[in-house]
Amino acid sequence: MKKTLVALFTLAALTACGQQNAQNAAPAASQAASAPQTKADDKPLTPHKDIQGEVITVKTTRGDFPVPKNPERVAVYDLGMLDTLTALGVNVGATVDKATLAYLQPAIEKAQHVGTLFEPNYEALNAFKPQLIVTGSRANKAIHQLNEIAPTIEMTADTKDLIGSAKERIDAFAQIFGKQTEADKLKVAIDADLAAAQAAAKDKGTGLVLIVNAGKLSAQSPTSRLGGWIHQAVGIAPVDANMKEGSHGMPVSFEYLKEKNPDWLFVLDRGAAIGEEGQAAKDVLNNPLVAETTAWKKGQVVYLDSGTYLAAGGATQLQTALKQVTQAFKSAK
């Protein structure tokens, strides 16, 4: 009997101990599960350790970084920056395998192909022996590995001030490649196109920027990468100043468009931009509810050039986009 009682007391003690350990472990497990996970592209980028020749410091998306002066072998993983470098007359020796933007085809065709915006071809890149690698946000997951190969700088334009940021990138490249004269001319041309767009947009009412993708609509806020330059720089008042931010905008319905009733619709057909098959943006928007908006009734629907999405912040693309909206405003009845 005594042995039985001892066994029972021992079992109870072990059970209580186990329960206490489980209770103590639960908060730790919960904290571990809820702890923020550091992504590869969020880690601070340490400057490349071995930069050959003269070294200068330039402003990048991630702060001031040392880079080689006048590098001869340059690889670029961003279409906007390929655009700007080409506009400055810089020879880009290696870049992505392909892109749907016709105006960048000559630069891409003459360069060595070293992967995609998202997935570099490291074998081809190593064979190229780059002295400088320029990236954008789409290549962020690979930026640390790229930086092990050669000095790497992220030059994604700040879309909250797309035009100002684009001019900063122009100046940074001018420093690196000795192209200040070309840079100054390019900035003057952009400023002239912006002034023309601002003048044409005066008193033209409200606007809404939309991405149409796979039949779905996503509205872009006044501070988004697609809506910001139209609202903040050009000066078209947003039809919805209280729009919620999102990684790809705010999902909206046809009823939303009817309710807000913008004077202008600025539309980016994402599927067409990236070469996907599917219903065109024009067909998606050909809807009885959209037809009741002022924008549709007056023919004030502007289908933005696909480079606005693919090459945001590129010097040539900025000029193209500014001229496109200027012409649309001037043609308004």
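Residues 1 to 333 in UniProt numbering are what the sequence shown lists, from first letter to last.
The beta-carbon is built from N, C-alpha and C at its ideal position, and this holds for glycine as well.
Same chain only: Cβ atoms within 6 angstroms of glutamine 37, ignoring 5 sequence neighbours per side: As a working mapping, residue 37 is identified with position 37 in the sequence shown. Residue placement at glutamine 37 cannot be trusted, given a pLDDT of 32 that sits under 50; the coordinates are not used to answer.
Distance, Cα to Cα, leucine 322 vs alanine 157? Position 322 of the sequence shown, counted from the start, is the residue given in the question as residue 322. Position 157 of the sequence shown, counted from the start, is the residue given in the question as residue 157. Their backbone Cα atoms lie some 16 angstroms apart in a straight line.
Between the Cα of lysine 110 and those of Gly228, Lys98 and Glu119, spot the shortest distance and give me the residue it belongs to. Counted from its first residue, the sequence shown places residue 110 at position 110. Of the candidates Gly228, Lys98 and Glu119, the one whose C-alpha sits nearest the C-alpha of lysine 110 is Lys98.
Which stretch, first to last residue, makes up the alpha helix (DSSP H) that contains asparagine 147? Taking the sequence shown and counting its residues from 1, the one referred to as residue 147 is at position 147. Here the alpha helix (DSSP H) through asparagine 147 covers 143 to 149.
Keeping to the same chain, check which residues put their C-beta closer than 6 angstroms to that of threonine 326; ignore five residues upstream and five downstream. By one-based count along the sequence shown, residue 326 stands at place 326. Ala196, Ala197 and Ala200, listed in sequence order.
Comparing the C-beta of lysine 98 with each C-beta of chain C, is any distance below 8 angstroms? The structure shown contains no chain C; it holds only a single protein chain.
Can you tell me whether lysine 59 is helix, strand or coil according to DSSP? In the sequence shown, the residue the question calls residue 59 occupies position 59. Lysine 59: strand per DSSP, three-state reduction.
Closest residue to histidine 144 among Thr46, Ser165 and Asn287 (Cα-Cα distance): For this step, residue 144 is matched to residue 144 along the sequence shown. Among Thr46, Ser165 and Asn287, the Cα nearest to that of histidine 144 belongs to Thr46.
Of the residues Lys69, Thr57 and Arg225, the one placed nearest valine 209, counting alpha carbons only: Position 209 of the sequence shown, counted from the start, is the residue given in the question as residue 209. Among Lys69, Thr57 and Arg225, the Cα nearest to that of valine 209 belongs to Arg225.
Run through DSSP, which three-state label would residue 346 get? No information on residue 346 is available, as it lies outside the stretch 1 to 333 that the chain covers here.
Pair within 8 angstroms by beta-carbon distance, glutamine 300 and threonine 308: Position 300 of the sequence shown holds residue 300. Position 308 of the sequence shown holds residue 308. Result no, Cβ atoms of glutamine 300 and threonine 308 do not sit closer than 8 angstroms.
Beta-bridge pairing of asparagine 213 - partner residues as DSSP gives them: Residue mapping note: residue 213 aligns to position 213 of the sequence shown, counting from 1. Answer is Lys216, bridged to asparagine 213.
Between Lys260, Gly215, Ile211 and Ser218, which lies nearest to tyrosine 303 when the distance is taken from Cα to Cα? Counting from 1 along the sequence shown, the entry for residue 303 is found at position 303. Closest option to tyrosine 303, Cα to Cα, is Ile211.
Can you list, in chain order, the residues of its chain whose CB lies under 6 angstroms from that of tryptophan 264, leaving out five sequence neighbours each side? Position 264 of the sequence shown, counted from the first residue, corresponds to residue 264. Same-chain partners within the cutoff: Gly207, Ala295 and Gln300.
Buried or exposed for valine 55, going by 16 or more other Cβ atoms inside 10 Å? On the sequence shown, residue 55 is found 55 positions in, with the first residue counted as 1. The residue in question, valine 55, is exposed, as its Cβ has fewer than 16 Cβ neighbours within 10 Å.
Between Thr86, Asp305 and Lys260, which has its C-alpha nearest aspartate 269's C-alpha? In the sequence shown, counting from the first residue as 1, residue 269 sits at position 269. Of the candidates Thr86, Asp305 and Lys260, the one whose C-alpha sits nearest the C-alpha of aspartate 269 is Asp305.
Does proline 251 come out as helix, strand or coil in the three-state DSSP assignment? Stepping through the sequence shown from its first residue, residue 251 is reached at position 251. It is a strand residue.
Rounded straight-line distance, which links the Cα of threonine 152 to that of threonine 181: By 1-based counting over the sequence shown, the position of residue 181 is 181. By 1-based counting over the sequence shown, the position of residue 152 is 152. Taking the straight line joining both Cα atoms gives about 25 angstroms.
DSSP beta-bridge partners of tryptophan 264: Along the sequence shown, one-based indexing puts residue 264 at 264. Beta-bridge pairing links tryptophan 264 to Gly207.
Nearest-angstrom Cα distance between valine 90 and alanine 273? On the sequence shown, position 90 is the one that residue 90 refers to. On the sequence shown, position 273 is the one that residue 273 refers to. So the two alpha carbons sit approximately 26 angstroms from each other.
Assigned exposure category for alanine 328 - 16 Cβ within 10 Å defines buried: Along the sequence shown, read from residue 1 onward, the residue named residue 328 stands at position 328. It is buried - the Cβ of alanine 328 has at least 16 other Cβ atoms within 10 Å.
Candidates Ile236, Asn261, Gly313 and Gly314: which alpha carbon is nearest lysine 298's? In the sequence shown, counting from the first residue as 1, residue 298 sits at position 298. Answer by Cα proximity: Asn261.
Roughly how many angstroms separate the alpha carbons of asparagine 287 and glutamine 112, rounded to a whole number? Position 287 of the sequence shown, counted from the start, is the residue given in the question as residue 287. Position 112 of the sequence shown, counted from the start, is the residue given in the question as residue 112. Whole-angstrom Cα-Cα distance: 45 angstroms.
Starting from valine 234, follow the alpha helix (DSSP H) in both directions and report where the run begins and ends. Within the sequence shown, numbered from 1, the residue matching residue 234 stands at position 234. From DSSP, valine 234 is part of no alpha helix (DSSP H); its letter is neither H nor E.
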